[in-house]
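Here the protein sequences line up with chains Y and B, keeping their order. Sequential numbering of the first sequence, starting at 147, is according to this note's numbering. Sequential numbering of the second sequence, starting at 147, is according to this note's numbering.
Number of protein chains: 2
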Amino acid sequence: MKINDNFFMKLAIDEAWKYQFISFPNPAVGCVVVKGESEILAIEAHKEAGQAHAEVNALKAAFLKYYPNDILKTKSSSKQIHEYLIKNHNGFFNDCKVYVTLEPCNHEGKTPACANLLKELKPQKVIVAHEDLNNIAKGGCETLKNVNIDIDIGCMKKEAYELLYPFLKWNSGTFIFYKMAQTLNGSIDGSISSNSAKAYVHTLRDKIDLMLIGGNTVRTDMPTLDARYIAGRAPDVFIYSKNKVFDTNIPLFKIPNRKVHISDDLFKLLDYKFVMVEGTYNLLDTLKDRLDYIVLLVNPKIRNGANALNEIDIDFEIVHENYIGEEKIMFLKRKS
Amino acid sequence: MKINDNFFMKLAIDEAWKYQFISFPNPAVGCVVVKGESEILAIEAHKEAGQAHAEVNALKAAFLKYYPNDILKTKSSSKQIHEYLIKNHNGFFNDCKVYVTLEPCNHEGKTPACANLLKELKPQKVIVAHEDLNNIAKGGCETLKNVNIDIDIGCMKKEAYELLYPFLKWNSGTFIFYKMAQTLNGSIDGSISSNSAKAYVHTLRDKIDLMLIGGNTVRTDMPTLDARYIAGRAPDVFIYSKNKVFDTNIPLFKIPNRKVHISDDLFKLLDYKFVMVEGTYNLLDTLKDRLDYIVLLVNPKIRNGANALNEIDIDFEIVHENYIGEEKIMFLKRKS
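Structural data, given as structure tokens:
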């Protein structure tokens, strides 16, 4: 296997995918720091809105790889790390290459601008997979070029675009994904997911703006649709139903500060940025032209049980996959 | 992400998996060479029987990473590389760590012993994931300890065991895997696989000892069951059928040097070491207690079509997965 820019960028992209959706409303971003030709010092990501950006986490980890007992290890806020590194880097990064999946931000928001930090640390080279399309944050590469830091843009751009895609979509409109769980052979009957997969679904519910579910599922299963496994926030719910009559004594309707819409007008989804659908193949058929992703949880067992119930033809690209415990998670992007 | 022994060993294991089955009758083995603390120089694997072992490929690549124009690049046979490195290493590996998924062989066979090469190159440390259980080849760690090379055994041992498992099985008996292809939702109707997935299946056919197939499939589909997409060798065929009457004019029976068994006695499979089953769920039901793996090719599309046809309950562990073009390949080990 070739150990080159693509290899290091792939490590950054894979690390970022671990926090895909979790970083909402921010993009998932990964960063790798390499000293000299191929001494790998850090593989980090942006984990959650309000926390440090990928570059900051990676630069901190890289410095601590050499100086594990440095006082830097006690600094946790982005601002503290910025300030400490700018004062104490002592040229440490001058022979380093920094691989980042998205152009470093040029904008002082909740956290200081990464481009400014890199400008001060003066790494030998910054390799960027995808430019920033956000009018407020962009311009990071320009800032670095102006102080003569070597910049390379476009390494693994297609993979970085797929990583960035949910952000691009929710930032300019609505990103809609369908969560499904099945066995290896596609059976959707009965209880399928493990506890760790269920906890992951609750982690997603804690992040999304809105959950869409079919009226029949609400009537039959009477789900609460909260995020209790992780003590998280319960999202607003959109019940897709022509028949507007529901037993509002079920727990779903009793959650404080939750809005519940009952409607068959899907246009209302577009008031939200980040929508998860949980449901059956019926709803999949209705939504298929508006869907961005299917997030498919696959439990590795074969069971007798029905799979496709309708005439549905959809083609996907597997943009990423990972494990949740022993189960697979696949991020499937609808081909248009 | 922590950059530690596990991180480097995982790179070696993943590289080796690319050649799982293809290395038959040899085990799939991977090797990573790291200079100093974390300067990654090579990620290589054993690719095919008769070719260089993983360690030899990795040590060569590591040396060439520093000296890309060295005459070593013209050496391709294992013996040549051994001899050249032993003469010309000049202490290059003394500050290197060598990660290898299987204990280096201690036995001069088709290729010289890797333990002997490492003994001469004297790396700082050799990290071995799994000891060699083969009576002929084992003892490599002992050889290295005797010359005071630091040895660590057991890093990611469970993952290395899964990598080694097919070899352990075919080396001491018969390894049987079931090749299946389906859509995302488990449909097995119609033509499913892409051309690259078909070529991969032919690559497997070229390597296996025996292919098992059901009598009805032969009668209905009249398949040739050769490896023509890769101009490879056609394996022997075992037609599982109570009814022994077949039209022997179909191409399957016309391939020179191919043995075709027609039998309903599965015990005969045990005369072979490496058996692939291609067939329907019926055959899966018959074989489920003898099966080691399912190798599942998943085409990322949803199509209306049947999945499980029988009452089958089998649990699996996903031991590895990869891509073949846009399709997924999953290596599923039956849980016992």
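Beta carbons: idealized from backbone N, C-alpha and C, even for Gly.
Per the DSSP calculation, residue i is bridged to which residue(s)?
i	result
Met476/Y	Leu442/Y and Glu467/Y
Asp417/B	Looking at the DSSP assignment, Asp417/B forms no beta bridge with any residue, so it has no partner.
Val246/B	Cys177/B and Val274/B
Glu126/Y	In the structure displayed, chain Y extends from 147 to 482; residue 126/Y sits before or after that span and is not available.
Ile297/B	Val272/B
Gly360/B	Tyr386/B
Lys447/Y	Asp461/B
Ser409/B	Tyr386/B
Glu190/Y	Cys177/Y
Go ahead and pull the three-state DSSP assignment for residue i.
i	result
Thr366/B	helix
Met155/Y	helix
Val423/Y	strand
His199/Y	coil
His348/Y	helix
Lys325/Y	strand
Ala343/Y	helix
Ile227/B	helix
Lys265/B	helix
Ile97/Y	No statement about residue 97/Y is possible, as the shown extent of chain Y runs from 147 to 482 and does not include it.
Glu254/Y	coil
Lys219/Y	helix
Asp372/Y	coil
Tyr165/B	coil
Phe170/B	coil
Asp431/B	helix
Leu330/B	coil
Phe399/Y	helix
Lys481/B	coil
Asn234/B	helix
Val337/B	Note on identity: in this sequence residue 337/B is Ser, with Val being the wrong assignment. DSSP places Ser337/B in coil when its eight states are reduced to three.
Tyr311/Y	helix
Thr394/B	coil
Tyr213/Y	coil
Asn150/B	coil
Are the beta-carbon atoms of residue i and residue j separated by less than 9 Å?
i	j	result
Phe154/Y	Ile297/Y	no
Cys242/B	Gly286/B	no
Val175/Y	His199/Y	yes
Ile408/B	Lys390/B	yes
Lys447/B	Ile217/Y	no
Tyr311/B	Asp160/B	no
Tyr307/Y	Leu443/Y	no
Ser339/B	Asn445/B	yes
Tyr324/B	Gly361/B	no
Tyr165/Y	His192/Y	yes
Ala373/B	Glu473/B	no
Lys148/B	Leu187/B	no
Leu350/B	Val441/B	yes
Asn172/B	Phe313/B	yes
His276/Y	Lys303/Y	yes
Val202/Y	His235/Y	no
Trp163/B	Phe462/B	no
Leu398/B	Leu415/B	no
Gly425/Y	Ser333/B	no
Pro381/B	Asp411/B	no
Pro258/Y	Ile295/Y	no
Gly451/B	Asp335/B	yes
Go ahead and label residue i buried or exposed: buried means 16 or more other beta carbons lie within 10 angstroms of its beta carbon, across all protein chains shown.
i	result
Val423/Y	buried
Glu457/Y	exposed
Phe167/B	buried
Ser169/Y	buried
Leu267/Y	buried
Phe413/B	exposed
Val383/B	buried
Met326/Y	buried
Ser222/Y	exposed
Lys114/Y	Missing from the structure shown is residue 114/Y; chain Y here goes from 147 to 482 and no further.
Ile492/B	The structure shown does not extend to residue 492/B, since chain B is modelled only from 147 through 482, so no value can be given for it.
Asp278/Y	buried
Pro402/Y	exposed
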